[in-house]
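Residue numbers (my numbering), protein chains in the order written: chain A, 1 to 159; chain B, 1 to 666.
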């Protein structure tokens with residue numbers, strides 16, 4: 001009984017793994033979009049092949065198809081291409097090592113700048129509240145609605 | 001004759017040097033005669049450059065292949081329309097075209113400022129003329145369009161077939177008009193710093209220039225995208241190519257500038273930031289020109305490797321160095337008249353909008369230069385292509401879309417709870433409901449879901465802004481809703497023109513989302529008589545058709561198209577083989593607002609079996625519709641202020657009111 005259960009579990013695991021593998025099996029288009037054509041056009045193989053008659057693009061497509069047929073996953077296929085042609089064959093830098101800075105720097109810069117803006121504005125509004133002797137900030141509440149509305153109207157006109 | 005043309009260029013170079021000097025020194029020494037001399041020299045330079053570009057055009061039209069430039073970019077069989085456009089198809093001709101446009105703008109600036117801005121004009125003029133001096137220098141010493149061949153060929157090389165497209169005829173001039181247009185606000189910014197006139201005058205003077213430059217840059221990018229879509233034949237319109245990026249970056253910073261100047265005009269804030277933005281925008285236009293012409297980064301659009309790279313880099317360095325020095329020198333006088341009152345305010349939301357726009361420009365810049373950086377640091381060549389730019393820019397773009405809706409709804413100074421509730425409830429509910437509806441209709445990917453629901457959110461905010469304004473106006477003026485709506489837009493063209501531009505941006509987002517996330521694609525090999533099914537379409541391949549013309553061999557596949565069983569037309573995807581050029585695809589497109597049927601003929605054999613790529617690209621037409629809406633909105637915002645007097649009166653009213661709280665703040 002125990003063995004049967006174990007076998008059944010192994011079978012389920014095998015089927016699951018195989019189905020995952022099937023899901024991981026990349027499409028040719030996926031690979032062609034991940035590779036830059038080596039004809040000098042600076043487009044992906046996918047784009048170059050559509051745009052013009054291009055021997056390098058046809059060759060890379062054939063190689064990709066061969067590797068897909070061998071059952072390799074996307075990562076392994078791209079590794080084969082990198083070994084053969086160098087990193088510049090990839091249409092985007094790998095997310096590791098120095099190349100990681102390509103991916104994170106823009107977000108890091110935006111987040112740091114955004115955080116700085118919030119802090120500076122908070123500091124300014126705090127300083128203004130202080131200099132106004134603890135009075136409520138201007139137009140802060142609905143009590144000042146009348147003035148706020150008036151000012152909004154004028155500013156609207158000036159937009 | 002071409003000795004005369006080279007002489008014109010040399011004379012222009014010398015005259016531009018003198019004129020720039022006269023303008024700067026005239027301003028510094030306050031010598032009206034010198035300034036007048038510089039103004040006259042600017043007019044003379046425009047005339048000289050017109051003569052030069054006229055001679056080059058004449059050489060193209062008369063097929064004078066003794067000129068290397070004409071022989072390189074035209075041929076006897078090239079249609080006249082493209083022959084004229086070949087004037088700016090190559091390196092040297094496009095430089096001449098650039099400087100001609102710059103001088104045309106300079107003359108307009110001189111004419112506009114005959115009786116005003118006399119303190120700023122000399123320095124602005126000096127900056128523009130110095131830029132012209134640099135460009136003339138390039139043509140005199142590095143690459144002349146009037147270089148003669150020792151033995152003229154019987155026929156020229158012809159124009160690259162990919163450039164033989166109406167989109168490509170319009171793309172460079174509009175792009176150059178945008179690039180050159182931004183030189184004007186930049187020149188006035190430099191003038192404001194040199195003349196120590198650091199109020200908002202330079203911004204008010206150049207508001208229309210900025211809008212015009214932005215409009216042309218928008219047009220340039222759209223024409224480029226349309227050209228890529230119909231001509232490059234891969235089903236896309238933006239490939240994140242370095243040269244495409246080069247025109248997107250100044251557009252992004254220019255857009256940020258257009259928004260942030262409003263804060264300076266209204267509240268005397270962000271003075272330094274606005275100067276930085278326009279300096280950055282101008283520098284990025286030069287950077288773009290450097291990328292296109294240096295050959296430092298490979299691109300399908302670039303002019304190839306040339307000796308111009310170091311010269312452009314030097315000019316870029318000089319621009320940045322002088323701008324930074326002037327900014328540093330005037331830093332104490334550039335402090336804001338007011339401070340931001342709260343994080344939740346219109347002013348802050350504009351700052352965040354600026355942050356996202358500049359952040360996106362930085363992300364594009366970073367991706368563009370990263371291959372050079374990688375090679376310098378690791379000694380390894382890498383490529384940064386579309387997958388990188390898409391992954392980085394989609395979240396940033398969505399944040400920008402959200403801010404497009406949020407910014408106009410937040411009150412100035414500090415948003416109250418009432419303001420937030422009143423303005424955001426309906427759009428937020430609409431956005432949320434659309435997200436639920438899309439989910440129920442099977443849209444599961446997070447980015448399209450977010451993009452479409454944010455689009456609905458922003459759309460509702462814009463509609464509500466028009467609706468509320470028109471209802472209030474109809475009530476006050478006792479007019480019908482439609483008349484009030486028209487009145488409202490015409491009374492405040494800048495504001496409502498801006499909203500229409502935002503509407504165009506929304507349509508573009510819809511187009512980009514639909515065409516990126518829901519494309520159906522099939523690669524097929526069809527024998528004559530065979531059929532392929534894609535989406536609602538059935539395509540019958542009827543065989544190959546020879547459509548050759550006198551200057552190209554064209555083979556097309558005849559495809560009868562049915563939609564839901566109904567015949568809707570015949571499409572002819574083709575391959576063109578021009579003499580001395582590689583074969584190129586000529587795609588066939590059936591466009592509707594819902595989707596495009598896009599056919600690419602890849603190859604064929606002797607039995608007429610054709611390899612083909614068939615795509616159904618949803619919503620892509622909305623990109624072009626959005627572009628048109630953006631242009632309409634910009635033209636409205638540019639329109640003459642018929643109610644300027646009323647606005648001035650409102651300004652006076654505001655200063656008279658001097659609310660107690662405002663007085664306290666001072």
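Beta carbons: idealized from backbone N, C-alpha and C, even for Gly.
Under the three-state reduction of DSSP, which class applies to residue i: helix, strand or coil?
i                      : result
residue 27 of chain A  : coil
residue 279 of chain B : helix
residue 10 of chain B  : helix
residue 590 of chain B : strand
residue 661 of chain B : Low local confidence applies: a pLDDT of 44 at residue 661 of chain B is under 50, so the model's placement there is unreliable, with the coordinate-based value given in what follows. DSSP places residue 661 of chain B in helix when its eight states are reduced to three.
residue 136 of chain A : Since pLDDT at residue 136 of chain A reaches only 49, below the 50 mark, its modelled position is unreliable, and no value is offered.
residue 171 of chain B : helix
residue 44 of chain A  : strand
residue 61 of chain A  : helix
residue 521 of chain B : strand
residue 1 of chain B   : coil
residue 613 of chain B : strand
residue 159 of chain B : coil
residue 18 of chain B  : helix
residue 674 of chain B : The structure shown has nothing for residue 674 of chain B, since chain B only spans 1 to 666.
residue 406 of chain B : helix
residue 383 of chain B : coil
Between which two residues does the alpha helix (DSSP H) carrying residue i extend?
i                      : result
residue 586 of chain B : Residue 586 of chain B -> not in any alpha helix (DSSP H); beta strand (DSSP E) instead, spanning 584-586.
residue 567 of chain B : Not the alpha helix (DSSP H): residue 567 of chain B falls in the beta strand (DSSP E), residues 566-571.
residue 443 of chain B : Careful: residue 443 of chain B lies outside any alpha helix (DSSP H) and carries neither H nor E.
residue 487 of chain B : 481-491
residue 669 of chain B : Since the first residue shown for chain B is 1 and the last is 666, residue 669 of chain B is missing from the structure and cannot be characterised.
residue 38 of chain B  : 32-61
residue 38 of chain A  : Premise fails: residue 38 of chain A is in no alpha helix (DSSP H) and is neither H nor E.
residue 201 of chain B : 201-227
Using a 10 Å radius around the Cβ and a threshold of 16 neighbouring Cβ atoms, would you call residue i buried or exposed?
i                      : result
residue 467 of chain B : exposed
residue 16 of chain B  : buried
residue 58 of chain B  : exposed
residue 567 of chain B : exposed
residue 605 of chain B : exposed
residue 493 of chain B : buried
residue 49 of chain A  : buried
residue 227 of chain B : buried
residue 685 of chain B : With chain B represented from 1 up to 666, any question about residue 685 of chain B goes unanswered, as that position is not in the structure.
residue 114 of chain B : exposed
residue 65 of chain A  : exposed
residue 218 of chain B : buried
In the DSSP assignment, find the unbroken beta strand (DSSP E) run with residue i in it and report its ends.
i                      : result
residue 87 of chain A  : Residue 87 of chain A -> no beta strand (DSSP E), and no H or E assigned at all.
residue 604 of chain B : 595-604
residue 560 of chain B : 552-563
residue 132 of chain B : That residue, residue 132 of chain B, is in no beta strand (DSSP E); its alpha helix (DSSP H) goes 121-141.
residue 576 of chain B : 574-578
residue 538 of chain B : 537-546
Quick one, are the C-beta atoms of residue i and residue j less than 8 Å apart?
i                      : j                      : result
residue 181 of chain B : residue 216 of chain B : yes
residue 341 of chain B : residue 413 of chain B : yes
residue 41 of chain B  : residue 19 of chain B  : yes
residue 543 of chain B : residue 465 of chain B : no
residue 120 of chain B : residue 183 of chain B : no
residue 316 of chain B : residue 287 of chain B : yes
residue 578 of chain B : residue 556 of chain B : no
residue 285 of chain B : residue 179 of chain B : yes
residue 381 of chain B : residue 334 of chain B : no
residue 386 of chain B : residue 239 of chain B : yes
residue 260 of chain B : residue 354 of chain B : yes
Does residue i come within less than 8 Å of chain C when only Cβ atoms are used?
i                      : result
residue 341 of chain B : The structure shown has no chain C; the protein chains it does contain are A and B.
Item to complete: Could you name the residues of the region 91-104 of chain A whose beta carbon sits closer than 9 Å to any beta carbon of chain B, in the order they occur along the chain?
Response: Cβ contacts with chain B come from 91, 92, 93, 94, 97, 98, 99, 101, 102, 103.
Worksheet item: Relative to chain B, which residues along the region 105-118 of chain A have a C-beta separation below 8 Å, given in chain order?
Response: So the list reads 105, 106, 107, 109, 110, 113, 114, 117, 118, given in the order they occur along the chain.
Worksheet entry | the region 53-66 of chain B: positions lying closer than 9 Å to chain A by Cβ | None of the residues of the region 53-66 of chain B has a beta carbon lying less than 9 Å from any beta carbon of chain A.
Discussion item. At a CB distance below 8 Å, what residues from the region 78-89 of chain A approach chain B? Give them in sequence order.
Written reply: Residues passing the 8 Å Cβ filter: 86, 87, 88, 89.
Worksheet item: Taking a cut of 7 Å between CB atoms, which residues from the region 377-392 of chain B lie near chain A?
Response: Here the close residues are 377, 378, 380, 381, 382, 383, 384, 385, 386, 387, 388, 392.
Worksheet item: Just by C-beta distance, which residues in the region 219-234 of chain B are closer than 7 Å to chain A?
Response: From the region 219-234 of chain B, only 232, 233, 234 have a Cβ closer than 7 Å to chain A.
Item to complete: Check each residue of the region 509-525 of chain B: if its Cβ is closer than 9 Å to any Cβ of chain A, include it; give the result in chain order.
Response: Answer in chain order: 521, 523.
Worksheet item: Taking a cut of 7 Å between CB atoms, which residues from the region 120-131 of chain A lie near chain B?
Response: Residues passing the 7 Å Cβ filter: 121, 122, 124, 125, 128.
Worksheet item: Using Cβ-Cβ distances below 7 Å, what residues of the region 237-268 of chain B are close to chain A?
Response: The region 237-268 of chain B vs chain A, Cβ under 7 Å: 239, 241, 266.
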